[in-house]
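*Asks:* Residue 70 in the numbering used here sits at position 69 of the sequence shown, and the numbers go up by one each step.
Got a structure here, written out as structure tokens. Questions coming.
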Amino acid sequence: MFEKLEDFWDWAVSFLRPVDKQVEIMRGWRHDGVFGIDIGGWGHVFFLYGLLMRLITLLPSLYSHRNGLRMNLINPQISEITQNQNKAKNDRTLSTAEKRVIKDGYTRMKHALMKKHGCAQWKSMLAMLTAPVTMSAFFSIRRLAMYETDLEMAPFLWVHDLTMPDPTYILPAICAGMFLLNFEMNQRMQKGGRSASSMYIRWAVRGGAVVGIYFFAAQPSAMFAYWIGLSTAGLLQPILLRWQPFRDYFGFPDPPQLAKVEILSEIKGPSLYERLFASQEEKARLEEERKAKRLAQAKKKFETINDFEVVLDDQDPKK
């Protein structure tokens with residue numbers, strides 16, 4: 002019995018050393034398989050481990066995103082409550098006790114508003130808590146690349162030594178491209194909203210991804226196998242957020258109107274091919290067609306008086 006308790010204690014304490022724990026998990030996948038199923042060489046292990054890490058962090062990421070959308074809906078009311086609190090705090094005609102009572106009242110009002118909409122400020126931090134998990138996996142893979150000798154003969158795609166950088170620079174370029182794809186797809190879901198990143202931040206991220214190819218190119222190819230798996234599963238979030246039944250079932254508020262019209266609407270916005278390669282005349286023609294379709298669709302939704310029963314209250318003749 003004491004041996005089992007000791008084994009359980011060692012297992013529980015191992016989670017306090019996430020790098021060592023993940024090294025142990027990936028070694029187990031490589032030599033013992035997953036549930037007895039051989040998943041192939043180290044390249045497959047790193048790719049599938051990246052998929053698993055992103056799927057694990059997907060739930061808190063979506064939860065934080067939904068909370069952020071709900072917080073945006075009540076931001077005007079929250080700002081008004083905060084302004085009233087500050088006014089009461091700076092009002093010299095009120096006593097300290099009165100200020101305390103007013104502050105408590107506004108605080109309860111703020112909590113009641115958040116509870117009504119199912120959101121809270123701390124919930125937006127859940128996505129940040131997943132960063133140590135994904136980052137520690139990078140350190141684990143780097144340690145394996147340094148000390149695991151059989152990685153020198155482990156292939157992944159066209160690379161035949163996962164301990165060495167990719168001499169063609171293609172793997173870091175793929176990772177940068179997938180990062181930008183994730184970023185652009187998520188940004189389009191915020192198009193037209195107050196929380197959308199400014200033009201300068203967006204271009205800084207794009208430029209940073211391109212420059213990052215040079216700085217990350219010296220890393221072992223094993224890290225890019227994990228990164229590609231991570232980014233592949235990461236595409237699931239913007240895809241799910243574009244699926245209206247998913248948003249309705251889990252209570253996601255609508256995105257900004259411009260994003261809703263171009264992405265979630267039955268009539269989609271301009272395609273990637275149209276934005277990059279179509280001529281100005283072709284773009285204008287396609288935009289006119291979309292406007293005509295939206296107008297025709299809107300006319301079908303107009304309600305008439307015949308759709309309702311009108312009940313008139315009896316008027317009091319004395320009035």
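Ideal Cβ positions, reconstructed from N, Cα and C, are used throughout, including at glycine.
Could you check whether the Cβ of Arg93 sits closer than 9 Å to any Cβ belonging to chain D?
*Replies:* Looking at the structure shown, chain D is missing, and only one protein chain is on hand.
*Asks:* Let me know the secondary structure DSSP gives Phe253 once reduced to three states.
*Replies:* In the structure shown, Phe253 sits in coil (DSSP, three-state: anything other than H, G, I, E or B).
*Asks:* Give the secondary structure of Ile202 by DSSP, where H, G and I count as helix, E and B as strand, and everything else as coil.
*Replies:* Reduced to three states, the DSSP call for Ile202 is helix.
*Asks:* Let me make sure I understand the geometry here. Which of Ile57, Gly37, Pro254, Gly29 has the alpha-carbon closest to that of Ala132?
*Replies:* Measuring from the Cα of Ala132, the nearest candidate turns out to be Ile57.
*Asks:* Please classify Phe47 as buried or exposed, where buried requires at least 16 neighbouring CB atoms within 10 angstroms.
*Replies:* Phe47 should be labelled buried.
*Asks:* What is the DSSP secondary structure of Ile40, counted as helix, strand or coil?
*Replies:* Three-state DSSP puts Ile40 in coil, outside helix and strand.
*Asks:* Thinking Ser80 and Ser125 are a contact (beta carbons under 8 Å), I'd like their distance in whole angstroms, please.
*Replies:* The Cβ separation is near 16 Å, so there is no contact.
*Asks:* Could you pull out every residue in the same chain whose Cβ sits closer than 8 Å to the Cβ of Thr135, ignoring the five residues on either side in sequence?
*Replies:* Result list for Thr135: Met54, Arg55, Thr58, Leu231, in chain order.
*Asks:* I think Leu163 touches Ala155, with their Cβ atoms under 8 Å apart; what is that distance to the nearest whole Å?
*Replies:* Yes, Leu163 and Ala155 are in contact; Cβ-Cβ is about 5 Å, under 8 Å.
*Asks:* Alpha carbon to alpha carbon, how far is Gln188 from Leu52? Give it in angstroms, no decimals.
*Replies:* Going by the C-alpha atoms only, they are around 22 Å apart.
*Asks:* Pick from Gln220, Arg31, Ala138: whose alpha carbon is nearest that of Ile171?
*Replies:* Taking only the C-alpha atoms, the option nearest Ile171 is Gln220.
*Asks:* Is there contact between the segment 250 to 257 and the segment 204 to 211, where contact requires at least three CB pairs shorter than 8 Å?
*Replies:* No: fewer than three Cβ pairs fall under 8 Å.
*Asks:* Pick from Tyr201, Trp30, Pro166: whose alpha carbon is nearest that of Phe217?
*Replies:* Taking only the C-alpha atoms, the option nearest Phe217 is Pro166.
*Asks:* Which same chain residues end up closer than 6 Å to His118 when comparing Cβ atoms and leaving out the 5 residues on each side of it in sequence?
*Replies:* Around His118: Arg71, Ile75.
*Asks:* I'd like to confirm the pairing. Which residues does DSSP put opposite Phe157 in its beta bridges?
*Replies:* Beta-bridge pairing links Phe157 to Val160.
*Asks:* Roughly how many angstroms lie between the CA atoms of Trp159 and Glu288, to the nearest whole one?
*Replies:* Their backbone Cα atoms lie some 43 Å apart in a straight line.
*Asks:* Check each candidate in Leu49, Ser96, Arg31 and name the one with the smallest Cα separation from Ala226.
*Replies:* For Ala226, the nearest C-alpha among the options comes from Leu49.
*Asks:* DSSP beta-bridge partners for Val35?
*Replies:* Bridge partners of Val35: Ile38.
*Asks:* When we look at the beta-carbon of Ile142 and count the other beta-carbons within 10 Å, is it buried (16 or more) or exposed?
*Replies:* With 16 or more other Cβ atoms within 10 Å, it is buried.
*Asks:* Which same chain residues, not among the five before or five after Ser137, have their C-beta less than 8 Å away from its C-beta?
*Replies:* Taken in chain order, the residues that qualify are Pro19, Val20, Gln23.
*Asks:* Could you tell me the alpha carbon to alpha carbon distance between Gln281 and Met224, rounded to whole angstroms?
*Replies:* Approximately 43 Å, taken between the alpha carbons.
*Asks:* Applying the criterion that 16 or more other CB atoms from any shown protein chain within 10 Å of the CB defines a buried residue, is Leu60 buried or exposed?
*Replies:* Flag for Leu60 reads exposed.
*Asks:* Cα separation between Leu242 and Phe36?
*Replies:* For Leu242 and Phe36, the distance between alpha carbons rounds to 32 Å.
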